[in-house]
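K.L.:
Here you go, one structure.
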Amino acid sequence: MSTLLEVSGMGKRFGGFVALDLIDLNLPEGQRLGLIGPNGSGKSTFVNCVCGTLRNETGQVRFAGQRVDALSAHERTRLGMARSFQLPRPFASLSLAENLRVPILYAANTRAESRIAQAAIPARCQEMLSLVGLADKAERLPSDLTQIEMRKLELARAMASSPRLLIADESLAGLSHAEVDEILALLIRLNEQGITVIMIEHIMRAVLAFSQRLVVLVAGRKVADGDPKDVVRDPEVVRAYLGE
Amino acid sequence: MRNAAFALILTAVAAVLFIALRWVNYSYAFVAGYAVLQFLVLGTGWNILGGYTGYVNFGVTAFFAIGAYTTVVLHKAAPFLPLPVMMLIGGTIAALAGLGTGYLTLRLRGVFFSIATLALAVVLQTLITNWDFVGGARGAYVIPPRTAPLIGGDYKQYLFLIMLITSIVVLVVARALERSTLGYGFAAIRDDEAAAEATGVPTLRLKLIATSLSGGFMGLAGAPMPYFMGYLNSTSTFDLNYAVNALAMPLIGGTSSWAGPVIGAALVGGLQEWLRVSNLQEWLHISIPSEANVLIVGVLMVTFVIAAPQGIVGLFRKKR
Amino acid sequence: MDVSLDLLLNAIISGLLLGGFYAAVSVGVGISFGLLDVVNIAHPAFILLGSYIANQANTRWGVDPILAAVIALPGFYALGTAVYQLYYVAFERRDDQALRGLSFFFGLLFIVEVALILVFGVDHQSVEAPYIGKSLDLGLVQLPFRLLVPFLVAMAMVIGLQMFLSRSFLGRAIQAVAQDQLALRLMAADPVRIKRIAFGLSIATASLAGAVLIIIQPVEPSIGREYIGRIFAICVLGGLGSFPGMVIAAMTLGIVESITATFFGPSWAPAVAFTVLLATLAVRPAGILGR
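Structure below.
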């Protein structure tokens, strides 16, 4: 299995505050990775640096063998990276279907293998929306949605760019038990179709059910990386979550 | 409705309008009509960057003046050029100015771009005021030809026709943009630029396209001005009135659609003309100075921005 | 070369004094834009309002312009809080500041300018005071009082504000709201109220700035627009959120403008500020001492 994402020595500071401290990560294609850690441990900063929303000061990021450090966020998305935002950021003046149209037009359609003909786009939007259970609201505006529905829209929008790597940043927050299962099943189905998934979550049940591998970040450092069953028993991890 | 059909309909309406006005031969109609159409082009141009993409350009007068002063320079240096060619050159230079300003400032937050456009207007005004070749503050005379080419008759009617055709072109482009890939990209940038970038939209490139297109159209609006007025000086060309109207019309009419600036131009232009020539002053027994006319536009704009952010178009649009 | 040196020295001194005045003019925007992130491009209009009030008080009742400005301070403060409340309700709450908030202030700038033209006309207005016209002669350089008094008043205002911001509870709350609204809320302070007070202060500075402006030069309604460039050039060059940076930037701009006016003619002066602004935005947007 080839390496899809290779992060080496990634470091990021905000003024005097060290958000990321020399993070290494090798992600094989097709893996389901869970990324956990206490609040403020740098998970979202990590995602931002990998995707290009923020620039890391040290270290390298390689995607499918290609160095992407010099590429802007939209260029990385076009290569096949997609992320959902932890706090949903929908396009407020566009309908849900139109929200999905943007990544289709600007990401999926830039690659021959994921190209969708103009006439087929509305159907594709509808298809993506029904995967997250929002098909009946396709013509509504994001302002009509609940917080939870907006998270689903975030996920759908990330999926709509036909990514090779999907980073789901706390997509399950606030969902009911049944909804969590629904989205988990969706993510696993996507993974079976070949999409590599990084899931950032606080809901341990979901992370353990989903992940083939678990990485733990604490205060900007990676403190554990391996089989989920072993990681949750790692004393340092337990200490980080429950205190001394 | 496909774009070609829209263009045809507009052309038909314009043709009917023009022929009717020629037949009636009421010269005031051509003058007032030119003013309204000029603002239509100016407002539509502004709206491509402002309403569609969410970046406010306060330096409207700079782009308008580039169009006008290019015509002055060409008139002196190459008077054999037909006006449409001068307009295209002026519009292109204005588009390049937009590109340049954008390149310098669009990597920063939107507000810095807006302030930079304000700066551009003042710098340009100072440069032109000090440039003797085009008359500077003293002004320059631009004598229009006696008769109109192609259609004969009064030259002002020719200018009206030119502006009418420009309006059609600009409106067709604006409408085509709305539902195009570019248009969706613009809207994404306007709604949430970081999210747009993350969904694959090349934000800087699109912003530069919008700025250039917008600047170019505003330059087109200003290009025939010297012939229309016969005289041009830096104070009147850079009059803040143009900037306020260019903003007010889309903001009042509605920024999300090509129809907004049209409604805004018709309403505001019409209102201003009516105030100017009507018997309102006699009727109310007061004298309304010309500035009040202009003040009303400002007040209307602020009122709409506060109370009806979607403009008149928004008031009529069905809720989804 | 002696003559040139004398000229240069006086240009620099005048520039420094002018710079102090520019700091007073900009400190209001330093608060509204630097700390509150409200792009009040109508600030020069409020300054002009201050100038005209000082002018009227001076020509009708012989009141010293600075005294008039001090008396008008509460009124300006109230005006500021009212404007912010409107801005907050109409734009900030709806997160619509980018297009409509900016247009609102632009409209305000325009409305005030035209209203002033309607009421007072386009002629230049000025004030008279016993110290205007005289100079402090220090041998090699002359310090005209018409520049010196504004400089002193301006510095007093800026220093006073800086101390207020760093020493008082309210001042520190204002700085806090600039950095972390959530934390402020957790401290049981209402961020909207704090911002309203801060914006009120910002507009209050315009009252004094206006009086000081009309002492330095005669005013007429359209000079507001020139000052937008100066103010934002100073705030950006100095770094948003930094008062000391702003003062340095103001002095720098004052000196550059003064030298330009002396050696190249006054008609180029307005362009200096804007060119500085464009250059700063292109090269180092964070400014000299920016956050």
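Residue numbers (my numbering), protein chains in the order written: chain A, 1 to 244; chain B, 1001 to 1320; chain C, 2001 to 2291. We treat Cβ as the ideally placed atom computed from N, Cα and C, and that holds for glycine.
1) List, in order along the chain, the chain A residues whose C-beta lies closer than 7 Å to that of Thr1181 of chain B?
2) Against Asn1057 of chain B, what residues of chain C qualify as contacts under a CB-to-CB distance less than 9 Å, listed in chain order?
3) Under the rule that 16 or more other beta-carbon atoms within 10 Å means buried, what is Tyr241 of chain A, buried or exposed?
4) Just to confirm before moving on: does the CB-CB distance between Val1036 of chain B and Ala1266 of chain B stay below 8 Å?
5) Give the residues of chain B in contact with Thr2275 of chain C, contact being defined as C-beta atoms less than 7 Å apart.
6) By Cβ distance, which residues of its chain are closer than 6 Å to Gly2019 of chain C, with the 5 residues on each side in sequence left out?
7) Starting from the C-beta of Gly1054 of chain B, find all residues in its chain whose C-beta is less than 6 Å away, skip the five residues before and the five after it, and write them out in chain order.
8) Under the three-state reduction of DSSP, which class applies to Ile2259 of chain C: helix, strand or coil?
9) Along chain C, in chain order, which residues have C-beta atoms closer than 7 Å to that of Glu1291 of chain B?
10) Pull up the distance between the alpha-carbon of Phe1160 of chain B and that of Val1031 of chain B, whole angstroms please.
11) So if I threshold CB-CB distances at 8 Å, which residues from the region 88-104 of chain A count as touching chain B?
12) Could you check whether the Cβ of Ile1115 of chain B sits closer than 8 Å to any Cβ belonging to chain C?
13) Go through its chain and collect everything with a Cβ distance to Val218 of chain A's Cβ below 6 Å, but skip five positions before and after it.
14) Check each residue of the region 2252-2273 of chain C: if its Cβ is closer than 7 Å to any Cβ of chain B, include it; give the result in chain order.
15) What did DSSP end up calling Asn2040 of chain C once you bin it into helix, strand or coil?
16) Against Arg2100 of chain C, what residues of chain B qualify as contacts under a CB-to-CB distance less than 7 Å, listed in chain order?
17) What residues from chain B crowd round Thr77 of chain A, counting only those whose CB sits closer than 7 Å?
18) So, helix, strand or coil for Val2276 of chain C, using DSSP?
19) Under a CB-based cut-off of 8 Å, is Ala2045 of chain C close to chain B?
20) Going by DSSP in three states, Asn1003 of chain B sits in which element: helix, strand or coil?
21) If you drop the 5 nearest sequence neighbours on each side, which residues of the same chain put their C-beta closer than 6 Å to that of Ala107 of chain A?
22) Measure the beta-carbon distance from Asp21 of chain A to Gly11 of chain A and round it to whole angstroms, keeping in mind my assumption that it falls under 8 Å.
23) Write down the C-beta distance between Leu2170 of chain C and Ile2203 of chain C rounded to the nearest angstrom, noting that I regard them as a contact closer than 8 Å.
24) Does DSSP put Gln2142 of chain C in a helix, in a strand, or in coil?
25) So, for Glu1193 of chain B: in the same chain, excluding its five sequence neighbours on each side, which residues have a beta-carbon less than 6 Å away from its beta-carbon?
26) Answer yes or no: does any C-beta atom of chain B fall closer than 8 Å to that of Ser2202 of chain C?
27) Relative to the C-alpha of Leu1220 of chain B, which candidate in B:Ala1007, B:Gly1135 and B:Phe1063 has its C-alpha closest?
28) Kindly indicate which residue of A:Ile104, A:Met81, A:Gly52 and A:Arg213 has the alpha-carbon position closest to the one of Ala248 of chain A.
29) Output the residue ranges of the alpha helix (DSSP H) runs that lie fully inside the region 2219-2266 of chain C and measure 4 residues or longer, sorted by chain position.
30) Cα separation between Ala1196 of chain B and Ala97 of chain A?
31) Within 8 Å (strictly less), CB to CB, does Arg1320 of chain B reach chain A?
32) Closer than 7 Å by C-beta to Gly16 of chain A: which residues in its own chain qualify, once you throw out the five before and the five after it? Chain order, please.
33) So which residues on chain A does Thr1203 of chain B lean against when the C-beta distance must stay under 8 Å?
34) Does DSSP classify Pro28 of chain A as helix, strand or coil?
35) Take Met2155 of chain C and list the residues in its own chain whose beta-carbon comes closer than 6 Å to its own, dropping the five residues that flank it on each side.
36) Kindly list the residues whose CB is nearer than 8 Å to the CB of Leu1104 of chain B, restricted to its own chain and excluding five residues on each side of it in sequence; keep chain order.
P.N.:
The structure says:
1) Numbered from its first residue, the second sequence carries residue 1181 of chain B at position 181. Per Cβ cutoff of 7 Å: Leu105.
2) Within the second sequence, the letter at position 57 stands for residue 1057 of chain B. Within chain C, no residue comes near Asn1057 of chain B; the closest Cβ sits about 10 Å away, beyond 9 Å.
3) The residue you call residue 241 of chain A lines up with position 241 of the first sequence. By the 10 Å Cβ count, Tyr241 of chain A comes out exposed.
4) As a working note, residue 1036 of chain B is residue 36 in the second sequence. As a working note, residue 1266 of chain B is residue 266 in the second sequence. Taking a C-beta distance under 8 Å as the contact criterion, Val1036 of chain B and Ala1266 of chain B qualify as a contact pair.
5) Counting from one through the third sequence, the residue named residue 2275 of chain C turns up at place 275. The answer, in chain order, is Val1123.
6) Against the third sequence, residue 2019 of chain C aligns to sequence position 19. Correct list, in chain order: Ala2250, Met2251 and Gly2254.
7) Counted from its first residue, the second sequence places residue 1054 of chain B at position 54. Cβ within range, chain order: Arg1190.
8) By one-based count along the third sequence, residue 2259 of chain C stands at place 259. In the three-state reduction of the DSSP assignment, Ile2259 of chain C falls in the helix class.
9) Position 291 of the second sequence holds residue 1291 of chain B. The answer, in chain order, is Val2114, Ile2117 and Leu2118.
10) Along the second sequence, one-based indexing puts residue 1160 of chain B at 160. Along the second sequence, one-based indexing puts residue 1031 of chain B at 31. Rounded to whole angstroms, Phe1160 of chain B to Val1031 of chain B spans 8 Å at the Cα level.
11) Those residues of the region 88-104 of chain A that come within reach of chain B (Cβ to Cβ, closer than 8 Å) are Arg89, Pro90, Phe91, Ala92, Ser93, Leu94, Ser95, Glu98, Arg101, Val102 and Pro103.
12) One-based indexing of the second sequence puts residue 1115 of chain B at position 115. Chain C, which has a Cβ nearer than 8 Å to the Cβ of Ile1115 of chain B, makes this yes.
13) Within the first sequence, the letter at position 218 stands for residue 218 of chain A. Here the set comprises Gly37, Ser41 and Ala240.
14) If you check each beta-carbon in the region 2252-2273 of chain C against every beta-carbon of chain B, the ones closer than 7 Å belong to Ser2267, Trp2268, Pro2270 and Ala2271.
15) Counted from its first residue, the third sequence places residue 2040 of chain C at position 40. Secondary structure of Asn2040 of chain C (DSSP, three-state): coil.
16) Taking the third sequence and counting its residues from 1, one reaches residue 2100 of chain C at position 100. Think of a sphere of 7 Å around the beta carbon of Arg2100 of chain C: the chain B residues whose beta carbon falls inside it are Val1305 and Pro1309, in chain order.
17) Position 77 of the first sequence, counted from the first residue, corresponds to residue 77 of chain A. Here the neighbours are Ala1198, Thr1199 and Gly1200.
18) Residue 2276 of chain C sits at position 276 when you count from the first residue of the third sequence. It is helical.
19) Locating residue 2045 of chain C in the third sequence gives position 45, counting from the first residue. Ala2045 of chain C does not count as touching chain B.
20) Position 3 of the second sequence, counted from the start, is the residue given in the question as residue 1003 of chain B. In this structure, DSSP gives Asn1003 of chain B a helical state, which the three-state scheme calls helix.
21) Within the first sequence, residue 107 of chain A is the residue found at index 107, counting from 1. Hits under 6 Å: Thr77, Arg78 and Ser161.
22) Taking the first sequence and counting its residues from 1, one reaches residue 21 of chain A at position 21. Taking the first sequence and counting its residues from 1, one reaches residue 11 of chain A at position 11. A Cβ-Cβ distance of about 6 Å is found for the pair Asp21 of chain A and Gly11 of chain A, placing them in contact under the 8 Å criterion.
23) The sequence position of residue 2170 of chain C within the third sequence is 170, counting from 1. The sequence position of residue 2203 of chain C within the third sequence is 203, counting from 1. About 16 Å separates the two Cβ atoms, so there is no contact after all.
24) For the purposes of this step, residue 2142 of chain C is taken as residue 142 along the third sequence, with counting starting at 1. DSSP places Gln2142 of chain C within a strand segment (E or B) once states are collapsed to three.
25) If you number the second sequence from 1, residue 1193 of chain B lands on position 193. Thr1203, listed in sequence order.
26) Start at 1 with the first residue of the third sequence, and residue 2202 of chain C comes out as number 202. No - not a single Cβ of chain B is within 8 Å of the one on Ser2202 of chain C.
27) As a first step, residue 1220 of chain B must be located in the second sequence, where it is residue number 220. Restricting attention to B:Ala1007, B:Gly1135 and B:Phe1063, the CA atom closest to the CA of Leu1220 of chain B is found in B:Phe1063.
28) The structure shown has nothing for residue 248 of chain A, since chain A only spans 1 to 244.
29) Counting only runs of 4 or more, we get 2223-2238 and 2243-2264.
30) By one-based count along the second sequence, residue 1196 of chain B stands at place 196. By one-based count along the first sequence, residue 97 of chain A stands at place 97. Approximately 15 Å, taken between the alpha carbons.
31) Taking the second sequence and counting its residues from 1, one reaches residue 1320 of chain B at position 320. Its pLDDT being 40, under 50, Arg1320 of chain B is placed unreliably in this model, and the value from its coordinates should be taken loosely. Yes, Arg1320 of chain B counts as interfacial toward chain A.
32) On the first sequence, position 16 is the one that residue 16 of chain A refers to. Leaving aside the five residues that flank Gly16 of chain A on each side, none in its chain has a CB nearer than 7 Å to its CB.
33) Taking the first residue of the second sequence as position 1, residue 1203 of chain B is located at position 203. Under a criterion of Cβ atoms nearer than 8 Å, the residues of chain A adjacent to Thr1203 of chain B are, in order, His74.
34) Position 28 of the first sequence, counted from the start, is the residue given in the question as residue 28 of chain A. Three-state DSSP puts Pro28 of chain A in a strand.
35) To locate residue 2155 of chain C, count along the third sequence from 1; it is residue 155. Setting aside the 5 residues that flank it on each side, Met2155 of chain C is surrounded in the same chain by Gly2020, each with a C-beta closer than 6 Å to its C-beta; the list follows chain order.
36) The residue you call residue 1104 of chain B lines up with position 104 of the second sequence. Closer than 8 Å at Cβ, skipping near neighbours: Ala1116.
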